[in-house]
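Numbering (my numbering), first residue to last: 1 to 480.
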């Protein structure tokens with residue numbers, strides 16, 4: 001789908017970047033060449049006009065195929081649609097105050113009188129608008145958003161496999177728990193991002209168009225066409241779309257709402273990852289770090305600081321997109337066959353898609369360059385070495401017959417805190433516990449002495465999760 005030449009990255013003919021109100025246009029889309037190049041062919045207003053023109057061209061070709069329009073007229077119309085510019089359309093819109101009719105008038109101005117009757121014949125504005133939006137959002141999701149998320153998943157897979165054996169203290173409720181590996185912690189996001197990709201793909205492929213007229217029941221087409229539903233399918237097939245079984249003046253809102261929902265859910269996963277990485281950079285933890293450029297400034301007043309600003313930005317961006325889904329839940333409600341209560345709010349959908357894409361691209365870069373401090377990870381684990389064996393200790397005591405091992409170990413942890421002694425010192429010395437401790441095998445005692453070995457299936461599960469998603473990506477395998 002061609003959208004015409006972009007305005008050399010400008011935000012508009014008269015509006016400069018520094019005159020923009022939206023930070024999306026000024027700071028992200030307007031300043032990030034990669035993001036601009038990815039989004040502009042689908043999400044820009046120029047792209048929206050181009051997709052609407054493609055609907056008009058597909059309509060003309062289908063009219064000819066069904067014998068309702070001369071082939072020459074259809075060819076004229078399609079050629080004219082390829083030449084109409086967004087500038088022409090908006091100049092005409094300013095004159096007549098109707099966006100779709102402005103497109104129609106611009107096409108009609110470029111064709112012969114013989115072709116004019118067939119421009120926009122039998123359709124209504126939202127046949128064009130909803131079908132154009134479905135086509136461009138589907139294409140964007142599959143060709144830009146999903147690849148951006150896939151690049152992030154690639155970076156996560158590489159990091160997870162590299163660090164699959166790096167033993168790290170697990171954390172629950174902000175407290176040291178039992179050991180895991182850093183690779184296993186990253187594998188969580190390999191899995192979650194992978195599933196988000198599949199859901200977005202399914203939602204994008206489920207988007208629907210319509211060519212069914214003013215109230216969705218093919219009133220106009222039934223005057224001329226024996227099988228209006230086949231006609232509708234033929235038009236939409238040229239756009240890579242299918243119709244829904246029922247429409248009013250608009251396409252049923254749920255498929256697009258589903259795509260937006262899954263996109264915002266994916267953003268939440270990315271923000272969760274960013275938050276985890278941000279906290280691991282706290283001074284008192286210091287297990288990972290963003291890669292900092294040699295000239296990069298971390299603080300305006302504290303030269304020693306290297307703030308995790310990129311990870312913070314991703315979470316902040318999620319805080320902007322997440323509440324917006326509520327607006328589109330409200331847009332699910334439409335009075336009778338159509339009202340205009342979504343006419344303004346629906347125009348902000350491209351911003352959601354662009355913001356989530358920006359965060360995906362940013363996180364792919366960050367995770368691909370993440371600095372992992374293995375020495376610091378080991379020191380943090382050692383800090384709780386004697387306490388994190390409590391789970392293993394209570395389970396082994398229970399296995400060897402103690403009737404209330406959990407309470408016994410809980411009491412010993414309190415004693416350890418009071419006395420400064422370790423659980424491994426206290427348990428064998430306790431007359432009530434020592435008979436059970438004596439039954440421990442040498443291997444079990446080694447586990448207590450070396451908590452870095454108490455990591456369960458971390459490495460193996462990390463490998464399996466990464467292998468699964470590599471297979472999904474390579475062979476089109478679909479997850480359950």
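Backbone N, C-alpha and C fix where the C-beta goes; we use that ideal spot for every residue, glycine too.
Which of the three DSSP states is assigned to residue i in this structure?
| i | result |
| --- | --- |
| residue 435 | helix |
| residue 57 | helix |
| residue 510 | As displayed, the chain neither begins before 1 nor continues past 480, which places residue 510 out of reach and without an answer. |
| residue 295 | Here residue 295 scores only 49 on pLDDT, less than 50, and its place in the model is too uncertain to base an answer on. |
| residue 480 | Annotation note: pLDDT 47 at residue 480 (below 50); position unreliable, coordinate value reported separately. Residue 480 falls in the coil class under three-state DSSP. |
| residue 209 | strand |
| residue 336 | coil |
| residue 88 | helix |
| residue 11 | Reliability fails at residue 11, whose pLDDT of 46 lies under 50, so the model's placement of it is uncertain and no value is given. |
| residue 214 | coil |
| residue 70 | coil |
| residue 344 | coil |
| residue 266 | helix |
| residue 284 | coil |
| residue 388 | coil |
| residue 94 | helix |
| residue 242 | strand |
Among the options, which residue has its Cα nearest to the Cα of residue i?
| i | options | result |
| --- | --- | --- |
| residue 284 | 195, 26, 383, 255 | 383 |
| residue 148 | 401, 17, 411, 38 | 38 |
| residue 450 | 463, 390, 32, 467 | 390 |
| residue 121 | 74, 418, 416 | 74 |
| residue 229 | 245, 240, 340 | 245 |
| residue 106 | 63, 49, 138 | 49 |
| residue 141 | 436, 261, 313 | 261 |
| residue 77 | 88, 468, 64 | 64 |
| residue 255 | 454, 135, 95, 467 | 135 |
| residue 167 | 441, 352, 237, 184 | 184 |
| residue 169 | 85, 307, 178 | 178 |
| residue 84 | 66, 110, 99, 101 | 110 |
| residue 68 | 32, 27, 115, 45 | 115 |
| residue 45 | 307, 132, 182 | 132 |
| residue 282 | 174, 438, 462 | 174 |
| residue 369 | 277, 216, 427 | 277 |
| residue 327 | 253, 272, 309 | 253 |
| residue 343 | 99, 448, 25, 154 | 99 |
| residue 101 | 359, 79, 127 | 127 |
Between the C-alpha atoms of residue i and residue j, what's the straight-line distance to the nearest angstrom?
| i | j | result |
| --- | --- | --- |
| residue 234 | residue 82 | 20 Å |
| residue 408 | residue 394 | 8 Å |
| residue 423 | residue 459 | 27 Å |
| residue 474 | residue 143 | 16 Å |
| residue 47 | residue 55 | 13 Å |
| residue 125 | residue 320 | 31 Å |
| residue 349 | residue 325 | 9 Å |
| residue 12 | residue 18 | Confidence in residue 12 is poor, its pLDDT being 49 and thus under 50, which makes the residue's placement unreliable; the coordinate value appears in the next sentence. Distance between the alpha carbons of residue 12 and residue 18: 12 Å. |
| residue 404 | residue 436 | 12 Å |
| residue 398 | residue 406 | 8 Å |
| residue 119 | residue 213 | 14 Å |
| residue 468 | residue 364 | 20 Å |
| residue 306 | residue 462 | 30 Å |
| residue 211 | residue 161 | 49 Å |
| residue 311 | residue 218 | 51 Å |
| residue 60 | residue 257 | 30 Å |
| residue 248 | residue 351 | 26 Å |
| residue 93 | residue 314 | 37 Å |
| residue 291 | residue 410 | 42 Å |
If residue i and residue j are in contact, beta carbons under 8 Å, what's the gap, nearest whole angstrom?
| i | j | result |
| --- | --- | --- |
| residue 29 | residue 354 | 6 Å |
| residue 152 | residue 317 | Wrong, their Cβ atoms sit about 14 Å apart, outside the cutoff. |
| residue 268 | residue 330 | Between residue 330 and residue 268 the Cβ distance is about 20 Å, and since that is not below 8 Å, they are no contact. |
| residue 197 | residue 264 | About 14 Å separates the two Cβ atoms, so there is no contact after all. |
| residue 129 | residue 52 | 7 Å |
What residue range is occupied by the uninterrupted beta strand (DSSP E) comprising residue i?
| i | result |
| --- | --- |
| residue 115 | Here residue 115 belongs to no beta strand (DSSP E), and DSSP marks it neither H nor E. |
| residue 349 | First-last for residue 349: 349 to 368, but that is the alpha helix (DSSP H), not the beta strand (DSSP E). |
So residue i is in the alpha helix (DSSP H); what residue range does that whole segment cover?
| i | result |
| --- | --- |
| residue 171 | From DSSP, residue 171 is part of no alpha helix (DSSP H) but of the beta strand (DSSP E) over 167 to 172. |
| residue 128 | 125 to 140 |
| residue 468 | 458 to 475 |
| residue 175 | Here residue 175 belongs to no alpha helix (DSSP H); instead the beta strand (DSSP E) covers 175 to 181. |
| residue 330 | 324 to 330 |
| residue 452 | Where residue 452 is concerned, there is no enclosing alpha helix (DSSP H), given that its DSSP letter is neither H nor E. |
| residue 18 | Segment: none, residue 18 is in no alpha helix (DSSP H) and carries neither H nor E. |
| residue 253 | Looking at the DSSP string, residue 253 is not in any alpha helix (DSSP H), and its letter there is neither H nor E. |
| residue 315 | 309 to 321 |
| residue 36 | 33 to 43 |
| residue 377 | 374 to 383 |
| residue 225 | Where residue 225 is concerned, there is no enclosing alpha helix (DSSP H), given that its DSSP letter is neither H nor E. |
| residue 425 | 423 to 429 |
| residue 99 | 99 to 108 |
| residue 147 | 146 to 162 |
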